[in-house]
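Chains as they are written, first to last, in the numbering used here: chain A, 1 to 118; chain B, 1001 to 1118.
Each residue gets a CB set at the ideal place from its N, CA and C atoms; glycine is no exception.
Source: prediction; values computed, not measured.
Number of protein chains: 2
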Amino acid sequence: MQMAYNKKLKFKKDEIVASEIAKALSHPARVAIIKFLARQKSCFCNNIVEQLPLAQSTVSQHLKELKNAGLIIGLIDGPRVCYCIDKENWKKAKLIFGGLFSLKLNSQKDKCCYAKTT
Amino acid sequence: MQMAYNKKLKFKKDEIVASEIAKALSHPARVAIIKFLARQKSCFCNNIVEQLPLAQSTVSQHLKELKNAGLIIGLIDGPRVCYCIDKENWKKAKLIFGGLFSLKLNSQKDKCCYAKTT
DNA sequence: GTCAATAATCGTATATTTGCGATATAGAAT
DNA sequence: ATTCTATATCGCAAATATACGATTATTGAC
């Protein structure tokens, strides 16, 4: 799971962490899974598969990615697996993204962005 | 820029929009660029290149992706290009992600997630 | 005009992601 | 034990992403 040429390690920790959460949410299926898990009480794997226009094996892969990113937890319940959002990590992710989107934007009128668009 | 086998279109609009913003932020270089632009008054392209451990052509590609996602704007200023955050769209992105991370999580104790971890 | 500087694009190599069918695994039911 | 169900993993193909050097296009300075 390494980035091409391993450039990832040259970035700051917080930038890497934020990008990893973003990557976990960078596919509509994974966004859909998160939304589904948030509102469902029952969250067996097969319920998730039913919700998505993808094959079971593909959904399983997306679940694995969300699990690796720490956003969800999978728990064995008899022959099935029950998935749910990892509330602890979800809270952390919320804080990280909240921080990113709350960056105070400097007014740049006096320096640039006053010419024609590319 | 199509998803494999074009499955993207089978998802809901809001899920696609959220995933596209997430994808734009799914690389540490692009997170770093956003953070840099937020705090800088001068935001010429070469300033951004200096900040990153990547070649000019690679940075240019990352800028293009952020531009395509609508998160930044590039404006010609003489021989240079000045980049800045698209405040309007940034606000929208903030709302979309805010909405996602503010999903009320149902308590799932009574239905699942009480067994051993996978 | 020529030259230098800036940034985008092209071409290419490599890595990663996405997707599916087939198979494997594990537990439940019989 | 056999069978069924649920899910993960494997193997493969196609699509995308990442990265760089080389080239191109544009502008400004001379």
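Based on the DSSP secondary-structure assignment, which residues constitute the bridge partners of residue i?
{"i": "F1044 of chain B", "result": "B:C1082"}
Grouping DSSP H, G and I as helix and E and B as strand, with all else coil, what is residue i?
{"i": "H27 of chain A", "result": "coil"}
{"i": "K12 of chain A", "result": "coil"}
{"i": "S60 of chain A", "result": "helix"}
{"i": "A38 of chain A", "result": "helix"}
{"i": "M1089 of chain B", "result": "For the record, residue 1089 of chain B in the displayed sequence is Asn; it is not Met. In this structure, N1089 of chain B counts as helix in the three-state DSSP scheme."}
{"i": "K104 of chain A", "result": "coil"}
{"i": "A1018 of chain B", "result": "helix"}
{"i": "A1032 of chain B", "result": "helix"}
{"i": "L95 of chain A", "result": "helix"}
{"i": "L54 of chain A", "result": "coil"}
{"i": "E1065 of chain B", "result": "helix"}
{"i": "K7 of chain A", "result": "helix"}
{"i": "K111 of chain A", "result": "Its pLDDT being 48, under 50, K111 of chain A is placed unreliably in this model, and the value from its coordinates should be taken loosely. It is coil, neither helix nor strand."}
Report the option in the options whose CA atom is closest to the CA atom of residue i.
{"i": "G1078 of chain B", "options": "B:S1057, B:L1105, B:C1045 and B:K1094", "result": "B:C1045"}
{"i": "L25 of chain A", "options": "B:I1076, B:E1015, B:I1033 and B:R1030", "result": "B:E1015"}
{"i": "I1033 of chain B", "options": "B:Y1083, B:I1076, B:I1021 and B:V1017", "result": "B:Y1083"}
{"i": "K12 of chain A", "options": "B:F1011, B:E1065 and B:A1029", "result": "B:A1029"}
{"i": "A1093 of chain B", "options": "A:S60, A:S19 and A:G98", "result": "A:G98"}
{"i": "P1053 of chain B", "options": "A:L9, A:L100 and A:L103", "result": "A:L9"}
{"i": "L71 of chain A", "options": "A:N47, A:A38, A:K7 and A:S102", "result": "A:A38"}
{"i": "I1021 of chain B", "options": "B:K1041, B:N1068, B:V1059 and B:Q1056", "result": "B:N1068"}
{"i": "L103 of chain A", "options": "B:F1036, B:K1023 and B:S1019", "result": "B:F1036"}
{"i": "Q1040 of chain B", "options": "B:K1023, B:L1075, B:N1106 and B:I1085", "result": "B:I1085"}
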